[in-house]
Structure formats: C-alpha cells, structure tokens
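Participant: Chain order of the listed sequences is A and B.
Position one of the first sequence corresponds to residue 134 (the numbering used here), numbered consecutively onward.
Position one of the second sequence corresponds to residue 8 (the numbering used here), numbered consecutively onward.
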Amino acid sequence: MKKTESNAIIEIKGLSKAYTIGHQSQAIGTATFRDSLISGLKKPLEFFTGEKLEKEKFWALKDVSLEIQRGDTIGLIGRNGSGKSTLLKILSRIVEPTAGEASLHGRTASLLEVGTGFHPELSGRENIFFNGAILGMSRKEISEKFDDIVEFSGVEKFLDTPVKFYSSGMYVRLAFAIAAHLDPEILIVDEVLAVGDAEFQRKSLGKMRDVTQDSSRTVIFVSHSMESIQSICNKCAWLQDGKILKFGDTKDVVEAYMEHQSGVGSEPIAKRTNRRGTGEVKVTDITIKNQIIKNRKIILDVEVQNKTKTTYSDAKLAIDLYDVSGNHISSILNYLNGTAIEYKPGKNTISIEVDHVNLVPGSYTLNVFLGSDMYNTTIFDWVEGATVFLVAPYDVYGVGVPPNTSGRFMYLDYHIKQ
Amino acid sequence: MGMHQAVIIRPKKRLTIDWKELKEYRELFFYFAWRDVKVRYKQTAIGAAWAILQPFIQMVVFTLFFNKVAGIQSGAKEVPYAIFSFLGLLFWNYFSQALQRSASSLVDNQAVVTKVYFPRIIPPISSTVVSLIDFGFATLVFAGLMIYFKFPPTSLGLLLLLPAIFITFLAASGAGLFLSALNVKYRDVKQVLPFLIQTGLFLTPVIYPVASIPESFQWLLYLNPMTGVINVMRASFLGDSVINWSLTSLSAGIAVMMFVLGLYYFKGREKEFADII
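1. Between B:Pro87 and chain A, is there a C-beta pair that is closer than 8 Å?
2. To the nearest angstrom, how far is it from the Cα of B:Ala110 to the Cα of B:Lys27?
3. Which chain B residues are close to A:Gly216, counting only those with a beta carbon under 8 Å from its beta carbon?
4. Tell me whether the stretch 92–112 of chain B and the stretch 200–207 of chain B touch, counting them as touching only if at least three CB pairs, one residue from each stretch, are closer than 8 Å.
5. Between which two residues does the beta strand (DSSP E) containing B:Leu4 stretch?
6. Kindly indicate which residue of A:Ala525, A:Phe502, A:Leu237 has the alpha-carbon position closest to the one of A:Asn428.
7. With 16 other CB atoms within 10 Å as the buried threshold, where does A:Asn407 fall?
8. Pick from A:Thr411, A:Val435, A:Phe380: whose alpha carbon is nearest that of A:Ile402?
9. Using a C-beta to C-beta distance shorter than 9 Å, which residues of chain B count as neighbours of A:Leu255?
10. Less than 8 Å between CB atoms is the rule here; does A:Tyr497 satisfy it with respect to chain B?
11. Just to confirm my understanding: we take A:Ala151, look at its own chain, exclude 5 residues before and 5 after, and list those with CB closer than 6 Å. What are they?
12. Using a cut-off of 8 Å between C-beta atoms, extract the partners of B:Val119 located in chain D.
13. Rounding to the nearest angstrom, what Cα-Cα distance links A:Glu284 and A:Met303 in this structure?
14. Taking 8 Å as the cut-off, does the stretch 263–278 of chain B touch the stretch 240–255 of chain B (at least 3 CB pairs, one atom from each stretch)?
15. Only counting runs of 4 or more residues, tell me where the alpha helix (DSSP H) segments fall wholly within the stretch 337–392 of chain A, in order along the chain.
16. For B:Ser54, count neighbouring C-beta atoms within 10 Å of its own C-beta (all shown protein chains included) and say buried if the count is 16 or more, exposed if not.
17. Let me make sure I understand the geometry here. Which of A:Leu245, A:Leu209, A:Gly211 has the alpha-carbon closest to that of A:Arg226?
18. Is the CB of A:Ile207 under 8 Å away from at least one CB in chain B?
19. What residues are listed by DSSP as bridge partners for A:Leu523?
20. By a C-beta neighbour count over all protein chains shown, 10 Å radius and 16 as the cutoff for buried, is A:Arg350 buried or exposed?
21. Is the stretch 497–515 of chain A close to the stretch 441–451 of chain A, with three or more CB pairs under 8 Å?
22. Should B:Ile59 and B:Phe144 be called a contact, given that it needs their Cβ atoms to be closer than 8 Å?
23. Taking CB distances under 8 Å as the criterion, tell me whether B:Gly269 reaches chain A.
24. Flag A:Ser271 as yes if its beta-carbon sits less than 8 Å from any beta-carbon of chain B, otherwise no.
25. So which residues on chain A does B:Pro201 lean against when the C-beta distance must stay under 8 Å?
26. Is the distance from the Cβ of B:Ser112 to the Cβ of B:Ser134 below 8 Å?
27. DSSP three-state call for A:Arg408: helix, strand or coil?
28. Which bits of chain B does A:Val228 rub up against, with CB to CB less than 7 Å?
29. According to DSSP, A:Gln438 sits in a beta bridge with which residue or residues?
30. Using three-state DSSP, classify A:Lys246 as helix, strand or coil.
31. Once you ignore the five residues that flank A:Ser484 on each side, which residues in its own chain have a CB closer than 6 Å to its CB?
32. Let me know the secondary structure DSSP gives A:Asp281 once reduced to three states.
33. Just reading off the beta strand (DSSP E) that A:Tyr299 is part of, what are its end residues?
34. DSSP three-state call for B:Lys49: helix, strand or coil?
35. Quick one: is A:Asp453 near chain B, going by C-beta distance under 8 Å?
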C-alpha cells in the first residue's frame, strides 16, 4: 500500500465501462418483452454456433487512471463519444463502472445539467427547494442561501409563478442560480455553461471562476469551448475512444487537441457528393496554410476545376463562415471588395489572405459557393461544411494572457486614450 | 449532507442496503414525497377533495350495481353493503394507487435518474408513502359512514388498523419495487398494469365477502395479501365474519415475502437503471 503521495482527492484506477450494443439500443427505452424473448432464443444459438458475444461490446471507457489533487480544476476535452460524459456519470455515481474503481475523498456535487428535476407545475420557490435537495443541499442550507439564489437569478417577481410560464432565459437563470450556490469539496460540471444568453453565460463563467479559485475546491469540468476550459482549468485531460490520450497543463493539452482536431478532415472536398450546383466548375481542394490561427492571419488556397471549355469571367466566389452554434459570422466574397475573378478551363487556384482574423477562439466552418456571376444565374458548386479552421486562444492585446471572450464573437482592434 | 468518508466507486458485487446512506438522504425522500403531493393537486379545481369524492362515488356505484342489481350481499345481514364495500375499497384503493404510482415512479423521474445520484429506492417507496395521504382522506369518509350507519369503532379494529396499513404498504411496495425496476427495461408494464389492477379488484374480496367462496377454496383467496387485510378489517370493525388467524398470517407472510423479493429484484437491477432507462 502506497499511502505517501496521497494528497489526491480523487483517485481513478483502471476505470472501464462497457455497453453491449443491445443495451445501447435499449437505452432509448423501447425494449419490450418481445426483444428479450428473441434475444433469449438467440443466446443458445450463439452458444452453439460459437459466435462471440464479445463483438457486441462497446467500451465507452477503457482503463482510465487519473489522480486529481485537491484544489485542481480539471478540464475534460474530447470529441462527442470520447467517453467524457461516461466518466462524469461514473464519478457522479449515476452509472456503475464495469471494472476499476474511483475514490472521492470529499463531499461531491455533480451538475450534469441545470434544472434537474425542475417541475413545470411548481413555482420558482418550490423548484429551488426540490432542485437544491436533489443536488445535495440540506433544507437548512437551502433556506440560508435562498435569498442569494433568488437575487442571483433575477426572477424575484416570478418566484411564486409556476416555472412553465417562465421564458427559457428565466428558467435557465433560476436553475443556474441554484447550482451556483452549491458548496461541495468536489464539483463535477458538464457543459452547463453552454446555456442561456450571452450575458448570463458571462455571469455564470464569472461565478464558476470564483468557485474554482477557491483553493479548497476541486472541479471537474467538461466543455466543448476551449476558451472556457482555458479560462477555468489549470489541468486538462483529453479523452479519445474511452482512453486518456493526454493529461497535463491545460495549455499543452488544448493545443495538442486542437492540432489533432484540425487534422481530422472528413472526405477530401473533390470526392464529396453532398453538394449542390451544376458541377461544371467545382471546388476540388481548400488548403488553409495555418489551420490553427494564432497570429490572426489566415491564408486560404481554393483550388477550382473547370470541366468545360469556356472561361467564366466575372464569376463569383463566396466563402461563408459559421461558428459552432451555426451563427453566420461573416463572408469572404469577391464582389464585396471588388475583386474580379474568372474560372478558366482546367485548374484555377485562388488565394485569399485575411490579415486580421478578429474572431474569438473556437472552431469555424466554411461553406464554399461558386457561381457564374453576381446574380447566381448559374450555381456551379455549393459545398456546405467544406472545411474547418480553428482559432486558438491567444494574447491578442499583448497583456500576458488571452482575454476572456465568453459570449462574445470577435475582437476589436482598439486604442484607449486619456 | 454532512462530511463524507471517501466514496469508493466500483462495480458492486453484493446486494447490500446502505442504511447510513438512506439516513443521509432522508430529506430527499421527504422532498420527493412533498413534490408529488404538490404537483398532484396543482391545476385541479377542487384539489384534495377528489381523494374524498372518488371512493365515495365508487361506493355508490358499487352499491347500486353489485348490491341492488346483481344482488351481491355483504358478509352479514346487519352490515349495509355500502359500508362493507367502502371498507374493502378503502384498502384496495390504497394498494392499487400505491402500486400504480410506485411502478411508474422511476420512469416518471427519468430525467433525474439519469442526471443525479440518489438511492434509487426513494421514488418507488416515496410513492407508496404519498398514497397514504389519499388513504387518510378516504378514512375520513369511512369515519363518516361509521357514524351514519351507527358502527362505533371497536378497540380490536383500532388495534389492527395500523398493522393492516403496514401489510398493505409492504405488499404495494414489494410489487411496486419489482414493477418499477421492470418498467425501466420493459415499458410493457405500463400497458399491463391497469389490466392487472382491474383483475385484482375481482380476485380480492372487495365487492363480495370471503364467505361467498366455498370454504375449501378460501385459502386460495388468502394467497392475495389484500384478502387478509380487508377481511381482518371488516371482521374487526363491522363484525360481519370471524378472523381466520392462520389464513390471515398466510396473507401477511406473503406480503412480507413480496416486499423482500421486490426489494431483492430492485437492488439487483438498480445499477443498470441509468444505462437503460
């Protein structure tokens, strides 16, 4: 028994979780006696045919070990299905691991969604009590914090109104206000900041930061927002296919993750079939010189193949930028800045340089559109989600740390004088 | 919920009941019950009055059709059919309502079950406890009937009242635990349960006295715990029959067994609830 190193508040050893594919389909909740009867009949058959049950197994989490020190704020990152949520659910004791163990040395609260157990028929006041209780607060604790919760939420006036009459913003604010007043030693948080309006997100993130800067508190935090992760977490674990790929300082892990992400291209553009247009002229490739933008400069090379023998002059090239939430952020359009382009027969390369990408960190999707003229008389090619680029958090203003940009879309180049 | 010892999360091997944990979560148990009560009477015009009206109307209908039309009699001449059937309904309704609520409790709380940890036994058991409130209201109607029909409360009846409620609670909770766990995986439960309860009403001496069954078959009826409960209550409050203690013990024993088996099944299944619900 090694007992010496244990300042660890959470120790995870060889934690694994397997689902059988059958279970997965049952997770939707449609299993009936009939399904069971059929699988019951199949099992002896499998036994005789020697078909392995193994292949039906899916490891959502495989042999994960991790030691988390008191006071650490750990970010969990990874693609959807990488095992982040499974790990959170096991640590929250909602699901049981298939193998391995985790020990948590402290009062734990988990926040996998805001407003768990909110009942539409109950008033705001009543929901504060039930939700608080279900998150692990005692009645005494809730009563003591009640006024603070109400004030934080800003729904005083509607405290005795059933929450079904709340706007979604009010609902989320009330729910988050309760959660923000939890006072555990270990806090497990899933992507809860992704809700609500921008202003409230900022407030929540601020509150989260207060929480995480309390050095006695340990936080495990899942988010898809690299920016939230960077501003909150001192350490980070990157999960992929149920395993920890990298664990360490947030900066290193996030950079490695983003580099990896940008390389995960789907099919080459030339081969995509999910596109619209006549196809006479087609986008065959887009290369982004610096896929992860750190110095605010981006160079895009668009390769266009014209299969016809005609030269299309005064043609149109449009690139639309979308953020992860699907907001149309901006466009690059040759008509807008008065550049004439033409598509000659054969291969054409169009190079685009953006001097200042003033976008906040995140991942951006590009749609590419080729047309015969500015009126779109003929649509040659239109590829949605043609490619992706990432903007890494960076010290835009040269003050030593990347700015907090939660809920914002872009940076301004500004100077303040007095 | 106080300072914790280290919580060790690992695959559970044994079927254990963590009493300490249940004690820690007793407030949450209360909150579940409290929420169910609150929600139940929201947006109803007459609220809790339904708990009184429903069994009363049921009694009137039963008396009209089973007694007046079909000619079914109570256990004894001097006992009016109305009070006879109401006493049966009183306990049967508690049983069936508790069972129904309990069986759907986990699925109804799906959102919570998949997002927060708490002892999973809380929703089904809190449902059977909450159903006691309606039982309490219906008991008021029974008290009114006792006054109206001039049946003074007997000391034997009052003595046996709590044990009878407890036996009903055990039977309903046992079946409720079993069905709620089964319902997580097989939503068929929801389809079958109303039918089972309807059938159960006729397999339980609610509208007829036990004595109307040939004596050599009566033990079969007592395999149903509600038979023991209802018959003991009628015998002690209305004096329409004598208590058959050995058969009543059989009924009570089966209720205890139902609870133990239901709990056993529930504990065996609870670890997969969040995965498959």
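No residue lacks a Cβ here, since even glycine has one placed at the ideal position from N, Cα and C.
Keep in mind the model is a prediction, meaning the values are calculated, not measured.
Facilitator: Taking the structure as given:
1. No, B:Pro87 lies away from the interface with chain A (no Cβ there is under 8 Å from its Cβ).
2. Between B:Ala110 and B:Lys27, the C-alpha separation is close to 25 Å.
3. What A:Gly216 touches in chain B: nothing, since even the nearest Cβ is about 14 Å away.
4. Enough Cβ pairs lie closer than 8 Å, so yes.
5. Since the first residue shown for chain B is 8 and the last is 284, residue 4 of chain B is missing from the structure and cannot be characterised.
6. With distances taken between CA atoms, A:Asn428 lies nearest to A:Ala525 out of A:Ala525, A:Phe502, A:Leu237.
7. Classification for A:Asn407: exposed.
8. That would be A:Val435, whose Cα lies nearest to the Cα of A:Ile402.
9. Those are Arg42, Lys45, Val46, Lys49, listed as they occur along chain B.
10. Taking Cβ atoms only, chain B never reaches closer than 8 Å to A:Tyr497, which makes this a no.
11. Once the five neighbours on either side are set aside, the close Cβ partners of A:Ala151 are Lys190, Trp192, Thr231.
12. Of the protein chains in the structure, A and B, none is chain D.
13. Straight-line spacing of the CA atoms in A:Glu284 and A:Met303 works out to 12 Å.
14. Counting Cβ pairs under 8 Å, fewer than three are found: no touch.
15. You should have 359–365.
16. Just to set this straight, residue 54 of chain B is Gly in the shown sequence, not Ser. Counting the other Cβ atoms within 10 Å of the Cβ of B:Gly54 gives fewer than 16, which makes it exposed.
17. Ranking A:Leu245, A:Leu209, A:Gly211 by CA distance to the CA of A:Arg226 puts A:Leu245 first.
18. Chain B places no beta carbon closer than 8 Å to that of A:Ile207, leaving this residue out of the contacts.
19. Looking at the DSSP assignment, A:Leu523 forms a beta bridge with A:Ile425, A:Ser496.
20. Counting Cβ neighbours within 10 Å, A:Arg350 comes out buried, since at least 16 surround it.
21. In short, these stretches touch, since the Cβ pair count reaches three.
22. A contact, by the Cβ cut-off of 8 Å.
23. Output row for B:Gly269: interface = no.
24. Using a CB distance cut-off of 8 Å, A:Ser271 counts as an interface residue toward chain B.
25. From the beta-carbon of B:Pro201, no residue of chain A is found nearer than 8 Å; the closest lies around 17 Å away.
26. Closer than 8 Å, so yes.
27. Under the three-state reduction of DSSP output, A:Arg408 falls in the strand class.
28. Identification of chain B residues near A:Val228 by a Cβ-Cβ cut-off of 7 Å yields Ala281, Asp282, ordered along the chain.
29. A:Gln438 is bridged by DSSP to A:Lys415, A:Lys480.
30. According to the sequence provided, residue 246 of chain A is Glu. The question's Lys does not apply to it. If DSSP states are grouped into helix, strand and coil, A:Glu246 belongs with coil.
31. Listed in chain order, the non-local C-beta contacts of A:Ser484 below 6 Å within the same chain comprise Asp434, local neighbours out to five positions each way being set aside.
32. The three-state secondary structure of A:Asp281, taken from DSSP, is helix.
33. For A:Tyr299, there is no enclosing beta strand (DSSP E), as DSSP gives it neither H nor E.
34. Coil at B:Lys49, not helix or strand.
35. It does not; no Cβ of chain B falls within 8 Å.
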